[in-house]
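**Student:**
Number of protein chains: 2
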Amino acid sequence: MRTITALAALVLVTAIVATSRAQSPASSPATPRYDKDRALILPADYRRWILAGTSLGLSYAEGAAPEHPMFHETLIEPTAYQHFVETGEFREGTMLVLIVHGVEEGSVPSRHGQYAAAVHGVEMAVKDRARIPAGWAYYAFGDAPRAGAATAQPNTSGSCYACHSKNAARDNVFMQFYSLLSAAAPPARAR
Amino acid sequence: MRTITALAALVLVTAIVATSRAQSPASSPATPRYDKDRALILPADYRRWILAGTSLGLSYAEGAAPEHPMFHETLIEPTAYQHFVETGEFREGTMLVLIVHGVEEGSVPSRHGQYAAAVHGVEMAVKDRARIPAGWAYYAFGDAPRAGAATAQPNTSGSCYACHSKNAARDNVFMQFYSLLSAAAPPARAR
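So the sequences go chain by chain: A and B. When we follow our numbering, the leftmost residue of the first sequence carries the number 1, and every step to the right adds one. When we follow our numbering, the leftmost residue of the second sequence carries the number 1001, and every step to the right adds one.
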């Protein structure tokens, strides 16, 4: 009888584990990972993240427009996106990635317009007070001379943080350029 | 004894179900759904799909460039994307969505460039021989006069299919405009 009770309990526990594992694998929060030098590791699956917004030739610089405009796509890590959809907040560990593309035109059948071609750079914005006291930090992976780098140290000039902190529509995130992310905000928090 | 054996078997079955459910919920293939009139239902989660490519002002029309260029983003349903990554093939049930955005510029701190703003239209390409003998069919959800429609009948002019069939780099899909999807193809199948 004791054996039967123990086995019945095991069935129950196994079933509970089954249910919780089946429901939760996609929602356990993803967080940034660093190497032994505290460099941010580019997440392997970043190209599967959720689209926040798209731009062409966007530049914050004074003076002339960029000589070589680029397509930019900003993606957000899915579990941080889900948290944002539910709360309107970017939780600790939120990661956004910016993919910088060269511009092409003319492939058949296009007769007008431009499309994003080869990837020229990858940058990230990460909210992690355990790594940077200010919270948000900015990383460039793909720019020369480190094209294709798998790790990056944070930008230390302060210029990224200062501009984001001053101008971002919400918590250092340039929502004003991210129409899809803005549309996904909970209604009471939308702007 | 028979009870113990039965319970032990139940533990084993529950554990197997637990394992398979925990590993597979994200990979059970998503397929298109239709209403009673066989209209395609716009999937609720399409804005969480995986980015294939981005363009601005892309047009296949002869003559002058579009008077109001739009940003286009093409996304692919994640389980069809995974199948493509593994095989280089678009399986039956593959769904792509095209989001059409108006263009804005000038929000602080941008000094140059343009970004995707309000969504003006949503279109889909679906490979489903059970619905359309040719396989691929094309649907417009958001264009006037049906902006924001939740269902759509396939385009029946034949012009979408003919152009895709003639010009697509692979299986009716305009890979030539989708740099990220092209980069995700298995190496032996990349082009």
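Virtual Cβ for every residue (Gly too), placed ideally from N, Cα, C. Predicted model, so just to flag it, every value in this text is computed and none were measured.
1) Can you check whether the CB of Met70/A is closer than 8 Å to the CB of Val100/A?
2) Starting from Asn167/A, find everything on chain B with Cβ-Cβ shorter than 8 Å and list it in chain order.
3) Inspect the beta-carbon positions of Ile1041/B and Arg48/A and report whether they are closer than 8 Å.
4) I think Arg129/A touches Ser1059/B, with their Cβ atoms under 8 Å apart; what is that distance to the nearest whole Å?
5) Using beta-carbon positions only, say whether Ser1179/B and Ala116/A come within less than 8 Å of one another.
6) Can you give me the Cβ contacts of Gly1135/B inside the same chain, cut-off strictly under 6 Å, excluding the 5 residues immediately before and after it?
7) Measure from the alpha carbon of Thr1156/B to the alpha carbon of each residue in Pro1133/B, Ala1183/B, Phe1090/B, then state which is nearest.
8) If the cut is a Cβ gap below 9 Å, which residues of chain A does Arg1131/B touch?
9) I think Val122/A touches Val97/A, with their Cβ atoms under 8 Å apart; what is that distance to the nearest whole Å?
10) Quick check for students: name the residue ranges of the alpha helix (DSSP H) that lie wholly in the region 39-84 of chain A, counting only runs of 4 or more.
11) I need the DSSP call for Gln1176/B, collapsed to helix, strand or coil.
12) So who's on the other strand from Gly1121/B, going by DSSP bridges?
13) Where DSSP assigns a beta bridge to Thr31/A, which residues make up the other side?
14) CB Ala152/A to CB Ala140/A, shorter than 8 Å?
15) Examine chain A for any beta-carbon lying closer than 8 Å to the beta-carbon of Leu1056/B, and answer yes or no.
16) Answer yes or no: does any C-beta atom of chain B fall closer than 8 Å to that of Val100/A?
17) With Ala162/A as the anchor, note down where its alpha helix (DSSP H) starts and where it stops.
18) For chain B, is any of its Cβ atoms less than 8 Å away from the one on Ala116/A?
19) What do you get for Gly1053/B, buried or exposed, if any count of 16 or more other CB atoms within 10 angstroms of its CB means buried?
20) Can you list, in chain order, the residues of its chain with a C-beta nearer than 8 Å to that of Ser28/A? Leave out the 5 residues immediately preceding and following it.
21) Looking at the structure shown, is Ala150/A part of a helix, part of a strand, or coil, going by DSSP?
22) Going straight from the alpha carbon of Ala185/A to that of Phe1177/B, what length do you get?
23) Taking 8 Å as the CB-CB limit, is Pro145/A close to chain B?
24) Comparing the C-beta of Ser59/A with each C-beta of chain B, is any distance below 8 Å?
25) Just list the residues that DSSP pairs Arg170/A with in beta bridges.
26) Can you give me the C-alpha to C-alpha distance between Cys163/A and Tyr138/A, rounded to a whole angstrom?
27) Have a look at Tyr1081/B, Phe1090/B, His1072/B, Glu1089/B and flag the residue whose alpha-carbon is nearest the alpha-carbon of Gly113/A.
28) Between Phe1141/B and chain E, is any beta-carbon pair separated by less than 8 Å?
29) Mind checking Val119/A: buried by the 16 CB within 10 Å criterion, or exposed?
30) Going by other Cβ atoms of all chains shown within 10 Å of its Cβ, with 16 needed for buried, is Pro1154/B buried or exposed?
**Tutor:** The relevant details are as follows:
1) In the first sequence, residue 100/A corresponds to position 100, counting from 1. In the first sequence, residue 70/A corresponds to position 70, counting from 1. Closer than 8 Å, so yes.
2) In the first sequence, counting from the first residue as 1, residue 167/A sits at position 167. Those are Val1108, Pro1109, listed as they occur along chain B.
3) Position 41 of the second sequence, counted from the first residue, corresponds to residue 1041/B. Position 48 of the first sequence, counted from the first residue, corresponds to residue 48/A. No. Outside cutoff.
4) For this step, residue 129/A is matched to residue 129 along the first sequence. For this step, residue 1059/B is matched to residue 59 along the second sequence. Actually they do not touch by this definition, with Cβ atoms about 47 Å apart.
5) Here residue 1179/B is taken as the residue at index 179 of the second sequence, counted from 1. Here residue 116/A is taken as the residue at index 116 of the first sequence, counted from 1. Yes, Cβ-Cβ distance for Ser1179/B and Ala116/A is below 8 Å.
6) Taking the first residue of the second sequence as position 1, residue 1135/B is located at position 135. Only Lys1127, Arg1129 meet the Cβ criterion.
7) Taking the first residue of the second sequence as 1, we reach residue 1156/B at position 156. Minimum Cα distance to Thr1156/B is reached at Pro1133/B.
8) One-based indexing of the second sequence puts residue 1131/B at position 131. The contacting residues do not exist; Arg1131/B stays about 25 Å from chain A at best.
9) As a working mapping, residue 122/A is identified with position 122 in the first sequence. As a working mapping, residue 97/A is identified with position 97 in the first sequence. Rounded, the Cβ-Cβ distance is 6 Å, consistent with contact.
10) none
11) Residue mapping note: residue 1176/B aligns to position 176 of the second sequence, counting from 1. Residue state, collapsed to three classes: helix.
12) Within the second sequence, the letter at position 121 stands for residue 1121/B. Answer is Val1100/B.
13) Sequence index remark: in the first sequence, residue 31/A carries index 31 (1-based). According to DSSP, which records beta bridges pairwise, Thr31/A is partnered with nothing at all.
14) On the first sequence, residue 152/A is found 152 positions in, with the first residue counted as 1. On the first sequence, residue 140/A is found 140 positions in, with the first residue counted as 1. The answer is yes: Cβ separation under 8 Å.
15) As a first step, residue 1056/B is located in the second sequence; it is residue number 56 there, counting from the start. It does; some Cβ of chain A falls within 8 Å.
16) In the first sequence, residue 100/A corresponds to position 100, counting from 1. Not an interface residue.
17) Looking up residue 162/A in the first sequence gives position 162. Its alpha helix (DSSP H) spans residues 159-167.
18) Residue mapping note: residue 116/A aligns to position 116 of the first sequence, counting from 1. Yes - at least one Cβ of chain B is within 8 Å of the one on Ala116/A.
19) In the second sequence, counting from the first residue as 1, residue 1053/B sits at position 53. Classification for Gly1053/B: buried.
20) Within the first sequence, the letter at position 28 stands for residue 28/A. For Ser28/A, where only same-chain residues beyond five positions count, the Cβ hits under 8 Å are Thr79.
21) For the purposes of this step, residue 150/A is identified with residue 150 of the first sequence, where counting begins at 1. If DSSP states are grouped into helix, strand and coil, Ala150/A belongs with coil.
22) Locating residue 185/A in the first sequence gives position 185, counting from the first residue. Locating residue 1177/B in the second sequence gives position 177, counting from the first residue. Rounded to whole angstroms, Ala185/A to Phe1177/B spans 30 Å at the Cα level.
23) To locate residue 145/A, count along the first sequence from 1; it is residue 145. Here the model assigns Pro145/A a pLDDT of 47, short of 50, so the residue's position is not dependable, and the following value carries that caveat. Chain B contact via Cβ: absent.
24) Here residue 59/A corresponds to residue number 59 of the first sequence, with the count starting at 1. Judged by the 8 Å Cβ criterion, Ser59/A is in contact with chain B.
25) Within the first sequence, residue 170/A is the residue found at index 170, counting from 1. Answer by DSSP bridge pairing, in chain order: Val173/A.
26) Locating residue 163/A in the first sequence gives position 163, counting from the first residue. Locating residue 138/A in the first sequence gives position 138, counting from the first residue. Straight-line Cα distance between these residues: approximately 11 Å.
27) By 1-based counting over the first sequence, the position of residue 113/A is 113. Checking every option, the nearest Cα to that of Gly113/A belongs to His1072/B.
28) This model lacks chain E altogether; the protein chains it does include are A and B.
29) Here residue 119/A refers to the residue found at position 119 when the first sequence is read from its first residue. Counting Cβ neighbours within 10 Å, Val119/A comes out buried, since at least 16 surround it.
30) Locating residue 1154/B in the second sequence gives position 154, where the first residue counts as 1. With 16 or more other Cβ atoms within 10 Å, it is buried.
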